[in-house]
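2 protein chains.
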Amino acid sequence: MTRLLFASTPHFNAEYKALLLGRGEAVDGVEDRARAILADIKAGGFAALDAWSQKIDGVGLSPQSVRVTQAQLNAAMAACDPKVIASLERAAQRITDYHQRSKPSDDIWVDAQGVTLGWRWTPVDAAGLYAPGGMAAYPSSVLMNALPAKAAGVARVVMMTPPGRMHENPAILAAAKIAGIDEIYGVGGAQAIAAMAYGADPIAPVDVIAGPGNAWVSTAKKLVFGHVGIDSVAGPSEVFIIADADNDPAIIAADLMAQAEHDGLAQSILFTDDANFGQKVLDAVATMIEAGQTGPEAKISWLAYGAVIIVNHLDQAITLSDLGAPEHVQIATHNPEALAKKIRHAGAIFMGRLAPEALGDYLAGPNHVLPTGGRARWASGLSTHMFMKRTTLMGTGIEGLRALGPSGVTLAQAEGLPAHAASIALRLKAVDGT
Amino acid sequence: MTRLLFASTPHFNAEYKALLLGRGEAVDGVEDRARAILADIKAGGFAALDAWSQKIDGVGLSPQSVRVTQAQLNAAMAACDPKVIASLERAAQRITDYHQRSKPSDDIWVDAQGVTLGWRWTPVDAAGLYAPGGMAAYPSSVLMNALPAKAAGVARVVMMTPPGRMHENPAILAAAKIAGIDEIYGVGGAQAIAAMAYGADPIAPVDVIAGPGNAWVSTAKKLVFGHVGIDSVAGPSEVFIIADADNDPAIIAADLMAQAEHDGLAQSILFTDDANFGQKVLDAVATMIEAGQTGPEAKISWLAYGAVIIVNHLDQAITLSDLGAPEHVQIATHNPEALAKKIRHAGAIFMGRLAPEALGDYLAGPNHVLPTGGRARWASGLSTHMFMKRTTLMGTGIEGLRALGPSGVTLAQAEGLPAHAASIALRLKAVDGT
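Protein chains in written order, with this note's numbering: chain A, 281 to 714; chain B, 281 to 714.
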């Protein structure tokens, strides 16, 4: 039952903690089998990939037909509503602009001791993206995962999506074409992660794997982490909305339902300083659900994990929000920027009565792949950083060697590493004869 | 037997591949027990931590004495050679300077459609660092792991190091004091990772765990990844040296041994375009080993994984280096910067005949925690980024809503998400009445 909680009541802290920790992310029983699939395909290549695809997806794979052709992509583009194509293109441009601006920059300088220092970012050679089938097949996710890699300058971007059903949803392939994805394969689940991590000739391996997926995909990604990079460990998503009474309850209700309709495990919480407004939002949500104006998952999520929390003042909402470190915070108040500045832990913040999170899902520009389940305490959303790596640079001539060398020898000796000491000391001797 | 390989010979590619892939990183049998330790301490708190410490380290823990006191830190400082203290302080300053400069910066702007966009980096609340005991107990590693967290602005930096033996190596505690670490606990192995990830009252949990360790520590870190952030999956380290004949063979030999003496699984490879010089380096290495001028691990590493590779020209060394994507590349040639620019995959590059990797281990400034085992293809060294996270920002008024809204509604409808569409459409209607 959806809660109307008052932050001023004695049991509130315990209730709020239960609300935050109540959602499960269990993946029991999946790990051993995912591990077996990975090992099998690593050792057995394409033949093993084919066998697992038959077993799990009921679709056999051949090296000749596993890759989606240009003709299939063109057919998908043609099968889409032109308005959808135009909107995807619009979104792609805005996402690209944002991510290009957020590319990390190089630096190199000579310090006061004459030591050259710096770093350089380079894109990975190849990135892989998993696009799930079924309920969570969103063309917007294809854009959000592929375009940061493209903006980073990755030369080879690969996508895998379950076979069989991919032509049922042409917008997925259309988004892949608009994003400029270089290779698309009809391979699903843990076996797709194996093929991307280890390769399965003719499929070459990639360096980084991103993209959402079910428990099989998430578990397989976690297992290959270390051999390749992965974007994140994703769980069910959430929105915290901070709103005063000067909002239309029906609009805030729609915002809460927009999160809830993603997934029965999603969490939508409204913080408001006006109990009357909070009650109106609760009523508006009930109306939306009864009228069938949301997907069926919304009701499940809202009844299990939704809440309206009446705070004593809006600053208290900030404190409570930081405890949850949510994926999204939406601030619909007077002067939302001032409140946004006080938030320490959030994947993304949406500021203003006219800035719903749904715009961020599609085309505001920032990525919609964001840390969930409190991971915004330490993790960031998907960005060009995920598809680039930094090489540090150091160089020195005589001056820098003289400045750093003696301390280096002292520390090497203190650590009991004689060849480290010799590596520095022999150079000092070559330069100064001592 | 250490190899002298010629890149011009027919079997070279296979030999080189075997050389790169020959090192193991096996941690078999560790995972199940590490998982049990983590689950036990997560559920049982400090009492479970105490029990595992007794069982594994033979040292019981009490809430009163587990934390290193200020008096113990002062005693450690006093027990160190003042020259070592001065060198650690020097190193700390240079590492801090470099890492402060590499802090990512915030950005916020209004785009042509009137949409406010940006991002903001904030430090995590708490970071934990593991400092191993035994052979790999390096004060330089304490600085390299703690100072990026401090430079990032992390308010609470915690260190754990095995109990019992920590007072045998006062430089470790001295380095912790110099780095300004806030809390130090005598807890070792997987149980330390558990205490940092989940807390064990009076020890509060952290958000990110960094630092080297044995198979127990590495495995435990990988298992807690997702609940907290971890720095990397580390394996044995390596250096690739690219040197022409205008170097002193004894100096290059010392550089090779400096890497080899870290670990029997380390890898040192010299690429040179002069076979005669290559042979001289081989001889100089043999002399160093025979004369006992390195640690005993150096001989083990060199005989198993070392090599001198004679390339046809130095550009070929770049190509071969990128195939290995090594932790360190050292370039001792004429115009090393030109060669460095061509390298795509390396954790760190050292440029010039007077710039040995050993300076980077201690006090050049860049971090010495770097991706190993080919992970430089996709991973970066430790930096302030590890201890900060990015929150994306978006805001809009009427103009931006009108510009983005209709496309957002189109995409929400195409994805079958009615509440997403309503969240945007209701605002458009409120503003424009349509």
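Cβ atoms here follow ideal geometry from the backbone N, Cα and C, with glycine treated the same way.
When Cβ-Cβ separations below 8 Å define contact, A:Glu311 makes no contact with chain B. Contact between the segment 667-679 of chain B and the segment 636-650 of chain A is present: 3 or more CB-CB pairs across the two stretches fall below 8 Å.
Contact annotation, A:Val467 with A:Ser333: C-beta distance approximately 6 Å; criterion of less than 8 Å satisfied.
Cβ-Cβ distances below 6 Å link A:Leu353 to Leu453 and Lys457 in the same chain, with the five nearest sequence neighbours on each side left out; the list follows chain order.
Look at A:Asp641: its C-beta is under 8 Å from a C-beta on chain B. As DSSP reads the structure, B:Tyr478 sits in no beta bridge.
Per DSSP, the unbroken beta strand (DSSP E) holding A:Val488 starts and ends at Val488 to Ala490. Beta-bridge partners of B:Leu550 (DSSP): B:Ile521 and B:Val588.
Sorting A:Gly324, A:Ala316, A:Asp330 and A:Ala451 by C-alpha distance to the C-alpha of A:Met357 places A:Ala451 at the top. Going by beta carbons, A:Pro412 and A:Glu518 fall outside the 8 Å limit. In terms of beta-carbon proximity, B:Gly468 stays away from the interface with chain A, with every pair separated by 8 Å or more. When DSSP states are grouped into helix, strand and coil, A:Ile452 belongs to the helix group. Distance from the Cα of A:Met424 is smallest, within the candidate group A:Ala474, A:Ala459, A:Ala638 and A:Arg682, for A:Ala459. For B:Trp399, the enclosing beta strand (DSSP E) begins and ends at Val395 to Pro403. In this structure A:Trp399 is in contact with A:Asp386, their Cβ atoms being roughly 7 Å apart against a cut-off of 8 Å. In the assembly as shown, B:Trp658 is a buried residue. Its beta-carbon has 16 or more other beta-carbons within 10 Å. A:Asp487 places its beta carbon less than 8 Å from that of A:Asp405. B:Gly544 sits away from B:Ser498, with the two beta carbons spaced by 8 Å or more. Between the segment 687-698 of chain A and the segment 359-369 of chain B, the count of Cβ pairs shorter than 8 Å is three or higher; the stretches touch.
Taking a cut-off of 8 Å on C-beta distances, the segment 529-537 of chain A touches the segment 559-567 of chain A, as three or more cross pairs fall below it.
A residue is called buried once 16 or more other Cβ atoms fall within 10 Å of its Cβ, and B:Leu684 is buried on that count. In the DSSP annotation of this structure, the continuous segment of the alpha helix (DSSP H) that includes A:Ala699 starts and ends at Pro698 to Asp712. Around the beta-carbon of A:Thr552, 16 or more other beta-carbon atoms lie within 10 Å, marking it buried.
Assigned with DSSP and collapsed to three states, A:His608 falls in strand. Between B:Pro403 and B:Val434, the CB-CB gap stays under 8 Å. With respect to chain B, the C-beta atom of A:Pro428 has no partner C-beta closer than 8 Å. Going by beta carbons, A:Ala495 and A:Val310 fall inside the 8 Å limit. By the criterion of a C-beta distance shorter than 8 Å, A:His614 is surrounded in its chain by Asp524 and Asp526, once the five residues flanking it on both sides are discounted. Here A:Gln573 really is in contact with B:Ala699; their C-beta atoms are around 7 Å apart, less than 8 Å.
Not a single CB atom of chain B sits nearer than 8 Å to the CB of A:Tyr478.
With distances taken between CA atoms, A:Ile598 lies nearest to A:Arg624 out of A:Arg624, A:Gly677, A:Lys501 and A:Pro576.
A:Asp337 is a Cβ neighbour of A:Gly444, given a cutoff of 8 Å. Within the same chain, and ignoring the five residues on either side of B:Glu463 in sequence, the residues whose Cβ sits closer than 6 Å to its Cβ are Val438. Within the same chain, Pro384 come within 7 Å of B:His665 by CB-CB distance, once the 5 residues on both sides are set aside. At least 8 Å separates the beta-carbon of A:Ala500 from that of A:Ala475. For A:Thr289, there is no enclosing alpha helix (DSSP H), as DSSP marks it with neither H nor E.
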